[in-house]
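A short write-up of the structure that comes next.
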Ligand SMILES: Cc1cc2nc3c(=O)[nH]c(=O)nc-3n(C[C@H](O)[C@H](O)[C@H](O)COP(=O)(O)OP(=O)(O)OC[C@H]3O[C@@H](n4cnc5c(N)ncnc54)[C@H](O)[C@@H]3O)c2cc1C
Ligand SMILES: Nc1ncnc2c1ncn2[C@@H]1O[C@H](COP(=O)(O)O)[C@@H](O)[C@H]1O
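Below, the structure written as structure tokens:
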């Protein structure tokens, strides 16, 4: 089975968030970009499938500024991905979701894949639209919010569950398929030191910025206008009380009369 | 500048989902005098179409086709793009559900439009485009974006836009044919469904109040205390991952990085320490209350109001007090006891 797994370089979760000097977006000065969140689980899922289906290959794909994307792709190679494709983001060009899908489709067009795996949402913007945007772009069935993804060699089908507000649907869909993975408790493996060292020397295929730019529309259609941090929560107002009933009375009074959140 | 807007609604058990009313209200605010069209897709649409016709739209389109029966993003998106073209809409508004996000991506690609999802606020709108706000980084920041061009796709976040009051006169309802769908995108089929374990109240991500419990509850049967509190508030019940990992509650209850993101008006965290992976799932809540026996629990750093104490004493007292002020009966207890 040929698997593509798409990973977005995102700020490390511990990084401090602050607006850029122009106030429009996250200040990335000094921020480390990593493989994280659902994408990390998607890589784990890709490797699990590879291990269960002999002869499988996993290729990781990242679109971004070259240095960041390379860092993340090396991490996927250290974890056990077989190959990597780096899509160089055209510098300074803001991309909307449909354009990102066009760019990612360039990597998908390089070779046939039975499964294209994405995170259900990226670890930074959390928009959650790319799995189906890419599926629609390349004309393959696409599902997001997917759990419990398995390959059934007997029927040549993927079996999986899909989470909705009402519950879990079960689906059976033949390859090729695009999946946004919601599985996030598959305990992603960590890379061994010798694999990390080895991955530094492995080749990475590159699609240059000019080729990516040629796949986009003529002008940007989405631009960040403001990056806002919530007013710092200064810590809870603690309720002083003697008996539990007094605590309850005070809290209910505050919620009803001051915060006005009681029905 | 007036514009045509198409609002897409889902239905649940033969009824219009609340998220569809929110989409209709947002569409109205974006239309600036232009026509607002509501669209329902699938089969057996009479019920939801009738309800949508009173949700503040100018007309309702029903697109009925067996291929649209399951919630599959690509066939729906093809139908939505066709309806947008037929009504000359320049904006499509999608519901604040998990499927709404899937639709946003697929419609964005098929209709070749910038799309975003999880929109909590429409900041502004002019001839160039629409500026929206959406939470990012697990609610630790808000990103404002401007989408421009002749076509724009937005999916809302649940509970962000108040639905319009029901209209006295229903809007007209007309059928619209589904476009021809490529067989490739229809491959595969649904083979089963397991309804989410009911929390007995509203759905977690759509609820205005959420009461969540953690390991501090000590045993699964003690969740009954929280469920009573939730009932007194008309709230949904959530849980920390410690609880779902231990099997006290199914994973559909889990709030956090690897569970559901919620942003209710009121979030009550009971016996939850406040690990960062939990916080990112609930930090966008408007008011946060924490009840914990440990005064140094990190949850108190993000809470607005805190009670340090034994939840086994505080929670029953709180339930009783809420029932008292709301005038609800206290089952099995004599007044004043
Ligand atoms: C990759 C990853 C993803 C994760 N994703 C999630 C996620 O999505 N959601 C999530 O919740 N967690 C998640 N976690 C787990 C998270 O790190 C914490 O372990 C978890 O949230 C702890 O749950 P808890 O607060 O219920 O338990 P604990 O941390 O054990 O806290 C229990 C609290 O109860 C209090 N308590 C005890 N007795 C009483 C009493 N009688 N009265 C009042 N208070 C009492 C204690 O003081 C304590 O603060 C994730 C972890 C990892 C590594
Ligand atoms: N720049 C990118 N490079 C590679 N994959 C991406 C990129 N952006 C988004 N993705 C994939 O699409 C998923 C959903 O992203 P989003 O729609 O932005 O929330 C992510 O989890 C990734 O798998």
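Chains as they are written, first to last, in the numbering used here: chain A, 8 to 270; chain B, 241 to 577. For every residue, glycine included, the Cβ atom is placed at its ideal position computed from N, Cα and C.
Residue i: CB within 7 Å of a non-hydrogen atom of ligand 1
| i | result |
| --- | --- |
| residue 498(B) | yes |
| residue 494(B) | yes |
| residue 483(B) | yes |
| residue 551(B) | yes |
| residue 454(B) | yes |
| residue 491(B) | no |
| residue 257(A) | no |
| residue 480(B) | yes |
| residue 532(B) | yes |
| residue 517(B) | yes |
| residue 511(B) | yes |
| residue 378(B) | no |
Cut-off 7 Å between Cβ atoms - residues of its own chain near residue i, not counting five sequence neighbours on either side
| i | result |
| --- | --- |
| residue 209(B) | Nothing can be reported for residue 209(B), as the shown portion of chain B is limited to 241 through 577. |
| residue 209(A) | 84 |
| residue 306(B) | 283 |
| residue 52(A) | 124, 156, 188, 190 and 193 |
| residue 459(B) | none |
| residue 87(A) | 54 |
8 Å CB neighbourhood of residue i in its chain, flanking five on each side removed
| i | result |
| --- | --- |
| residue 101(A) | 227, 229, 230 and 231 |
Beta-carbon spacing of residue i, residue j below 8 Å
| i | j | result |
| --- | --- | --- |
| residue 236(A) | residue 381(B) | yes |
| residue 287(B) | residue 303(B) | no |
| residue 174(A) | residue 433(B) | yes |
| residue 223(B) | residue 332(B) | Examination of residue 223(B) is not possible in this model, given that chain B is present from 241 through 577 alone. |
| residue 545(B) | residue 258(A) | yes |
| residue 394(B) | residue 363(B) | no |
| residue 499(B) | residue 532(B) | no |
| residue 316(B) | residue 281(B) | yes |
| residue 111(A) | residue 13(A) | yes |
| residue 323(B) | residue 285(B) | no |
| residue 263(B) | residue 335(B) | yes |
| residue 129(A) | residue 15(A) | yes |
Other residues of its chain near residue i: CB distance less than 6 Å, five sequence neighbours each side excluded
| i | result |
| --- | --- |
| residue 255(A) | none |
| residue 504(B) | 447, 448, 449, 450 and 525 |
| residue 159(A) | 166 |
| residue 23(A) | none |
| residue 509(B) | 452, 530 and 539 |
| residue 574(B) | The predicted position of residue 574(B) is uncertain, since its pLDDT is 46 and thus under 50; a value taken from the coordinates is nonetheless stated next. So the list is empty, once near-sequence residues are dropped. |
| residue 176(A) | 169 |
| residue 468(B) | 559 |
Distance cut-off 7 Å: residue i Cβ against heavy atoms of ligand 2
| i | result |
| --- | --- |
| residue 45(A) | yes |
| residue 254(B) | no |
| residue 458(B) | no |
| residue 129(A) | yes |
| residue 82(A) | no |
| residue 111(A) | yes |
| residue 134(A) | yes |
| residue 184(A) | no |
| residue 104(A) | yes |
| residue 125(A) | yes |
| residue 15(A) | yes |
| residue 323(B) | no |
Boundaries (first-last residue) of the alpha helix (DSSP H) holding residue i
| i | result |
| --- | --- |
| residue 92(A) | It is not in any alpha helix (DSSP H) - residue 92(A) instead sits in the beta strand (DSSP E) that spans 90-95. |
| residue 79(A) | 73-86 |
| residue 259(A) | 251-260 |
| residue 552(B) | 551-566 |
| residue 471(B) | 463-473 |
| residue 259(B) | 258-271 |
Endpoints, the beta strand (DSSP E) within which residue i is located
| i | result |
| --- | --- |
| residue 57(A) | It is not in any beta strand (DSSP E) - residue 57(A) instead sits in the alpha helix (DSSP H) that spans 44-59. |
| residue 452(B) | 449-453 |
| residue 151(A) | 149-159 |
| residue 517(B) | No beta strand (DSSP E) holds residue 517(B); the alpha helix (DSSP H) holding it covers 516-519. |
| residue 176(A) | 174-181 |
Heavy atom of ligand 3 within 7 Å of residue i beta-carbon
| i | result |
| --- | --- |
| residue 107(A) | This structure does not include ligand 3; its bound ligands are ligand 1 and ligand 2. |
Quiz item: Which residue spans inside the stretch 185-233 of chain A form an unbroken beta strand (DSSP E) run of at least 3?
Solution: Whole beta strand (DSSP E) segments, 3+ residues: 212-214.
Quiz item: Could you give the uninterrupted runs of the alpha helix (DSSP H) lying entirely in the stretch 289-334 of chain B, keeping only those of 4 residues or more?
Solution: Runs found: 313-326.
Practice problem: Could you pull out every unbroken beta strand (DSSP E) segment of at least 3 residues lying fully inside the stretch 379-457 of chain B, listed in chain order? | Solution: List check, beta strand (DSSP E) in window: 381-388, 392-396, 413-415, 429-435 and 449-453.
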